[in-house]
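Enquirer:
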Amino acid sequence: EDQVTQSPEALRLQEGESSSLNCSYTVSGLRGLFWYRQDPGKGPEFLFTLYSAGEEKEKERLKATLTKKESFLHITAPKPEDSATYLCAARPQGGSEKLVFGKGTKLTVNP
Amino acid sequence: GAGVSQSPSNKVTEKGKDVELRCDPISGHTALYWYRQSLGQGLEFLIYFQGNSAPDKSGLPSDRFSAERTGGSVSTLTIQRTQQEDSAVYLCASSSGTASGNTIYFGEGSWLTVV
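Chains as they are written, first to last, in the numbering used here: chain P, 258 to 368; chain H, 860 to 974.
1) Determine the extent of the beta strand (DSSP E) in which Ser276(P) is found, giving its start and end residues.
2) I need the DSSP call for Glu266(P), collapsed to helix, strand or coil.
3) Going along the segment 905-934 of chain H in order, which residues come within less than 8 Å of chain P, judged by CB to CB distance?
4) Using the Cα positions of Ser276(P) and Gln939(H), report the straight-line distance between them to the nearest angstrom.
5) CA-CA distance, Phe291(P) and Ala347(P)?
6) Within the same chain, show all residues whose beta-carbon is closer than 7 Å to that of Ser897(H), passing over the 5 residues directly before and after it, in chain order.
7) For Gly887(H) versus Gly966(H), is the C-beta distance shorter than 8 Å?
8) Kindly indicate which residue of Phe329(P), Glu354(P) and Phe305(P) has the alpha-carbon position closest to the one of Tyr282(P).
9) Starting from Ser885(H), follow its DSSP beta bridges and name the residues at the other end.
10) Taking C-beta to C-beta, are Gln263(P) and Gly359(P) nearer than 8 Å?
11) Excluding sequence positions up to five away, which residues of its chain have a Cβ less than 7 Å from the Cβ of Val261(P)?
12) Taking only the alpha-carbon atoms, compute the straight-line gap between Ala334(P) and Glu274(P) and give it to the nearest angstrom.
13) Give me the chain P residues within the contact set of Ile963(H), using Cβ-Cβ distance strictly less than 8 Å, ordered along the chain.
14) I'd like the span of the beta strand (DSSP E) that includes Val984(H), first residue to last.
15) Under the assumption that Ser309(P) contacts Pro349(P) (Cβ atoms under 8 Å), give the Cβ distance between them as a whole number of angstroms.
16) Could you pull out every residue in the same chain whose Cβ sits closer than 6 Å to the Cβ of Leu270(P), ignoring the five residues on either side in sequence?
17) Measuring CA to CA, which of Lys870(H), Thr872(H), Leu880(H) and Asp945(H) is closest to Arg928(H)?
Laid out in structure tokens, this is it:
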């Protein structure tokens, strides 16, 4: 069964304290690993798509990396406005276009 | 429109009533998805439409759930005889096609509460 697991469930950081969020996936082939940010009461906002092991993408203080079994979202010198829930999703091989989502990591950055 | 539009944004209904949730995708997007997000749970796939192809209904949890997409644009998700466990946020998303690289954009969701 295709599965995506995110850790930790919640993370509290001080402003400027860098850290990483983990996304482990077991899917039948991988046609893309997606990261989204979700603020309370809002829909998920697209951040990155990664396709192959070794690939990296950056956006402001965020950098996403991919291996054959997991993806990391690195947050460098976070600010309070980075507080949100970060969602990871995998698109498996096969005819369906659906994404399989993890439960998310709730990040809180304190000033 | 500029983004995926969903209505209503909030809906409170009595157990046993039917509800309809509407999604207007990004203009020109041929792919449309419905997901459900329950408290403390990840997003759960419900149904996927792509152009004129038969929809992928593999995620619908029961025959009380159905969805249609008229004219390849607007979609309606219908829940019949609602139950309390149907309370969740129903998220609609769209993308420009089936290529692996197409980004999926989400709406703000319809918050359904069954009392």
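We put the beta carbon where it would ideally sit given N, CA and C, even for glycine.
Expert: Result, derived from the coordinates:
1) Residue mapping note: residue 276(P) aligns to position 19 of the first sequence, counting from 1. Ser276(P) -> beta strand (DSSP E) spans Ser276 to Thr283.
2) In the first sequence, counting from the first residue as 1, residue 266(P) sits at position 9. Three-state DSSP puts Glu266(P) in coil, outside helix and strand.
3) Tyr907, Gln909, Asp915, Ser917 and Gly918
4) Residue 276(P) sits at position 19 when you count from the first residue of the first sequence. Residue 939(H) sits at position 80 when you count from the first residue of the second sequence. Each residue's Cα considered, the two are about 45 Å apart.
5) Within the first sequence, residue 291(P) is the residue found at index 34, counting from 1. Within the first sequence, residue 347(P) is the residue found at index 90, counting from 1. So the alpha carbons of these two residues sit roughly 6 Å apart.
6) Locating residue 897(H) in the second sequence gives position 38, counting from the first residue. Within the same chain, Ser897(H) has close Cβ partners Ala947.
7) Indexing the second sequence from 1 puts residue 887(H) at position 28. Indexing the second sequence from 1 puts residue 966(H) at position 107. Their beta carbons are not under 8 Å apart, which means Gly887(H) does not touch Gly966(H) by this criterion.
8) Position 25 of the first sequence, counting from 1, holds the residue named residue 282(P). Among Phe329(P), Glu354(P) and Phe305(P), the Cα nearest to that of Tyr282(P) belongs to Phe329(P).
9) Position 26 of the second sequence holds residue 885(H). The amino acid occupying residue 885(H) in the given sequence is Ile; Ser does not appear at that position. According to DSSP, Ile885(H) bridges with nothing at all.
10) Indexing the first sequence from 1 puts residue 263(P) at position 6. Indexing the first sequence from 1 puts residue 359(P) at position 102. It is a contact, given that the beta carbons lie within the stated cut-off.
11) On the first sequence, position 4 is the one that residue 261(P) refers to. Contacts found: Cys280, Tyr282, Cys345, Ala346, Ala347, Val357, Phe358 and Gly359.
12) For the purposes of this step, residue 334(P) is taken as residue 77 along the first sequence, with counting starting at 1. For the purposes of this step, residue 274(P) is taken as residue 17 along the first sequence, with counting starting at 1. The straight-line gap from Cα to Cα measures roughly 5 Å.
13) Translated into the one-based positions of the second sequence, residue 963(H) becomes position 104. Chain P residues near Ile963(H): Phe291, Phe303 and Leu356.
14) As displayed, chain H neither begins before 860 nor continues past 974, which places residue 984(H) out of reach and without an answer.
15) Within the first sequence, numbered from 1, the residue matching residue 309(P) stands at position 52. Within the first sequence, numbered from 1, the residue matching residue 349(P) stands at position 92. Not a contact, Cβ separation roughly 15 Å.
16) The residue labelled residue 270(P) in the question sits at position 13 within the first sequence. Hits under 6 Å: Ser276, Pro335 and Val366.
17) One-based indexing of the second sequence puts residue 928(H) at position 69. Checked all of Lys870(H), Thr872(H), Leu880(H) and Asp945(H); the closest Cα to Arg928(H) is Leu880(H).
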